[in-house]
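Enquirer: The structure that follows is given in the form of structure tokens.
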Amino acid sequence: MMKTHYTIDIDQSALNNTTLCEQPARFMAHHGLANPIGNSMDAIVNKTNGGDVNETSEAPSPIDQQSVANDDMRPSREEAEAAVRTLIEWAGDDPAREGLVDTPMRVVKSFEEFFAGYKQDPVEILSRTFEEVEGYDDLVLVRNIEFESHCEHHMVPVIGKAHVAYLPNGKVVGLSKLARVVDVYAKRLSTQETMTAQVANAIEAALNPRGVAVLIDADHQCMSTRGVYKKCSSTITTQFRGDFKTPEMERRFLDMLRGYQ
Ligand SMILES: [Zn+2]
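Residues 126 to 386 in our numbering are what the sequence shown spells out, letter by letter.
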């Protein structure tokens with residue numbers, strides 16, 4: 126069918142991987158018949174629509190409110206490395222010993238990768254669009270967008286996959302740009318709820334599509350390596366906007382995630 130040509134599966138191999146915890150794509154496939162996501166979706170949607178994580182149109186600058194406005198306000202690299210030395214000492218080790226002496230430098234360099242999203246503008250990433258699509262106006266879905274993030278409460282890794290769809294309004298955007306927008310928000314300190322809304326907000330703001338759907342399924346290591354120690358839990362969040370806010374379109378989005386059969 127025509128629409129399958131526009132469905133990009135970034136990581137089909139994830140379906141074949143077996144790990145201690147089921148990977149998100151595997152979760153979807155494994156539970157496809159029971160359809161637990163569909164059954165629980167109303168609760169998820171109500172939660173995200175009614176909770177404080179949902180952006181509203183009145184919110185000031187929803188796209189950029191987390192970005193660092195003034196680079197001069199940031200501490201220097203030396204101050205950041207000193208802070209890491211303090212944490213090493215606080216943990217009970219000697220930051221001057223051989224194995225740790227360069228660790229603050231490495232940690233700060235790692236932070237530059239982990240939090241690169243503060244310097245990126247998702248609307249700019251989505252700014253180049255294409256109108257020569259021969260009238261294509263159906264759902265565009267990029268699924269299995271792997272990401273690594275860090276939760277804002279513990280600064281511990283959040284590893285997951287995002288599935289992003291939109292209904293074009295006369296123009297489409299490069300498919301890889303949708304994946305890059307996920308990365309922009311993943312590379313900031315956030316919650317999964319906020320990140321899900323932000324991805325939807327950015328696509329709405331940049332493309333003015335007829336609808337947007339975002340589903341994120343992620344493992345939070347602050348739940349598996351500390352605290353409640355729930356190694357196999359995963360968290361699903363969704364945002365449905367515009368024409369996706371109907372039971373039929375929500376169902377179609379979820380069916381396509383499972384494999385469009
Ligand atoms: Zn956390």
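Using N, Cα and C, we set each Cβ at its ideal position, and we do this for glycine too.
In three-state DSSP terms, what is Ile169?
Expert: On the sequence shown, position 44 is the one that residue 169 refers to. For Ile169, the predicted structure reports a pLDDT of 36, less than 50, and the residue's modelled location is therefore unreliable. The matter cannot be settled from this model.
Enquirer: Going by DSSP in three states, Leu212 sits in which element: helix, strand or coil?
Expert: The residue given as residue 212 occupies position 87 in the sequence shown. Helix at Leu212.
Enquirer: Pop quiz: Arg231 and Pro220 are said to be a contact at Cβ under 8 Å. What is the actual Cβ separation, rounded to whole angstroms?
Expert: As a first step, residue 231 must be located in the sequence shown, where it is residue number 106. As a first step, residue 220 must be located in the sequence shown, where it is residue number 95. That pair is no contact at about 12 Å.
Enquirer: Considering only heavy atoms of ligand 1, does any lie closer than 6 Å to the CB of His275?
Expert: In the sequence shown, counting from the first residue as 1, residue 275 sits at position 150. No.
Enquirer: When DSSP labels each residue in this structure, what does Asp197 get in the three-state scheme?
Expert: By one-based count along the sequence shown, residue 197 stands at place 72. Helix.
Enquirer: Can you give me the C-alpha to C-alpha distance between Pro200 and Ser301, rounded to a whole angstrom?
Expert: By one-based count along the sequence shown, residue 200 stands at place 75. By one-based count along the sequence shown, residue 301 stands at place 176. Spanning the two alpha carbons is a distance of roughly 33 Å.
Enquirer: Measuring alpha carbon to alpha carbon, tell me which residue in Ile341, Val281, Asn333, Val337 is nearest Asp308.
Expert: Looking up residue 308 in the sequence shown gives position 183. When each option's Cα is compared against that of Asp308, the closest is Ile341.
Enquirer: Taking buried to mean at least 16 other C-beta atoms within 10 Å of its own C-beta, is His278 buried or exposed?
Expert: Translated into the one-based positions of the sequence shown, residue 278 becomes position 153. It counts as exposed.
Enquirer: Please work out which residues of its chain come closer than 6 Å, Cβ to Cβ, to Thr321, disregarding the five sequence neighbours upstream and downstream, and give them in chain order.
Expert: What you label residue 321 is simply residue 196 of the sequence shown in a count that begins at 1. Answer for Thr321: Val339, Ile341, Thr362, Gln364, listed in chain order.
Enquirer: Within the continuous alpha helix (DSSP H) that includes Gln346, where are the two ends?
Expert: Start at 1 with the first residue of the sequence shown, and residue 346 comes out as number 221. Segment 346–349, the alpha helix (DSSP H) holding Gln346.
Enquirer: If I'm right that Pro282 touches His288 with Cβ under 8 Å, what's the distance once you round it to whole angstroms?
Expert: Here residue 282 is taken as the residue at index 157 of the sequence shown, counted from 1. Here residue 288 is taken as the residue at index 163 of the sequence shown, counted from 1. By a beta-carbon distance limit of 8 Å, Pro282 does not contact His288. Their separation comes to about 20 Å.
Enquirer: Report the rounded CA-to-CA distance for Arg387 versus Arg335, giving the unit in angstroms.
Expert: The structure shown does not extend to residue 387, since the chain spans only 126 to 386, so no value can be given for it.
Enquirer: Span of the beta strand (DSSP E) holding Ser274?
Expert: By 1-based counting over the sequence shown, the position of residue 274 is 149. Where Ser274 is concerned, the enclosing beta strand (DSSP E) stretches over 265–276.
Enquirer: How long is the line joining the alpha carbons of Gln323 and Val353, rounded to whole angstroms?
Expert: Counting from 1 along the sequence shown, the entry for residue 323 is found at position 198. Counting from 1 along the sequence shown, the entry for residue 353 is found at position 228. Taking the straight line from one Cα to the other gives about 28 Å.
Enquirer: Are the beta-carbon atoms belonging to Lys286 and Ala241 less than 7 Å from one another?
Expert: In the sequence shown, counting from the first residue as 1, residue 286 sits at position 161. In the sequence shown, counting from the first residue as 1, residue 241 sits at position 116. No.
Enquirer: Mapping the DSSP letters down to three states, classify Tyr354 as helix, strand or coil.
Expert: Taking the sequence shown and counting its residues from 1, one reaches residue 354 at position 229. Looking at Tyr354 - three-state DSSP - the assignment turns out to be coil, as it is neither helix nor strand.
Enquirer: Give me the Cα-Cα distance between Ser359 and Val265, rounded to the nearest whole angstrom.
Expert: Taking the sequence shown and counting its residues from 1, one reaches residue 359 at position 234. Taking the sequence shown and counting its residues from 1, one reaches residue 265 at position 140. Each residue's alpha carbon lies about 25 Å from the other.
Enquirer: Should Val267 go down as buried or exposed, given a rule of 16 or more other Cβ atoms within 10 Å for buried?
Expert: Walking along the sequence shown from the start, residue 267 turns up at place 142. The residue is buried, with at least 16 neighbouring Cβ atoms inside 10 Å.
Enquirer: Per DSSP, what kind of secondary structure is Lys370 in: helix, strand or coil?
Expert: As a first step, residue 370 is located in the sequence shown; it is residue number 245 there, counting from the start. Note: Lys370 maps to coil in three-state DSSP.
Enquirer: Please return the same chain residues whose Cβ sits closer than 6 Å to the Cβ of Thr254, not counting the five positions on each side in sequence.
Expert: Within the sequence shown, residue 254 is the residue found at index 129, counting from 1. Sequence-distant Cβ neighbours of Thr254 in its own chain, meaning closer than 6 Å and more than five residues away, are Lys296, Val298.
Enquirer: Compare the Cα-Cα distances from Tyr291 to each of Lys234, Ala331, Asp227 and report the closest residue.
Expert: On the sequence shown, position 166 is the one that residue 291 refers to. Of the listed residues, the one whose Cα sits closest to Tyr291 is Ala331.
Enquirer: Can you give me the Cβ contacts of Val248 inside the same chain, cut-off strictly under 7 Å, excluding the 5 residues immediately before and after it?
Expert: The count along the sequence shown starts at 1 and reaches residue 248 at position 123. Excluding residues within five positions, the ones whose Cβ falls inside 7 Å are Ile188, Ala327, Ala330, Ala331.
Enquirer: Alpha carbon to alpha carbon, what distance is there between Asn333 and Lys370?
Expert: Here residue 370 is taken as the residue at index 245 of the sequence shown, counted from 1. Here residue 333 is taken as the residue at index 208 of the sequence shown, counted from 1. Cα-Cα distance, rounded: 15 Å.
Enquirer: Expressed to the nearest angstrom, what Euclidean distance is found between the alpha-carbon atoms of Cys347 and Asp197?
Expert: Start at 1 with the first residue of the sequence shown, and residue 347 comes out as number 222. Start at 1 with the first residue of the sequence shown, and residue 197 comes out as number 72. Whole-angstrom Cα-Cα distance: 32 Å.
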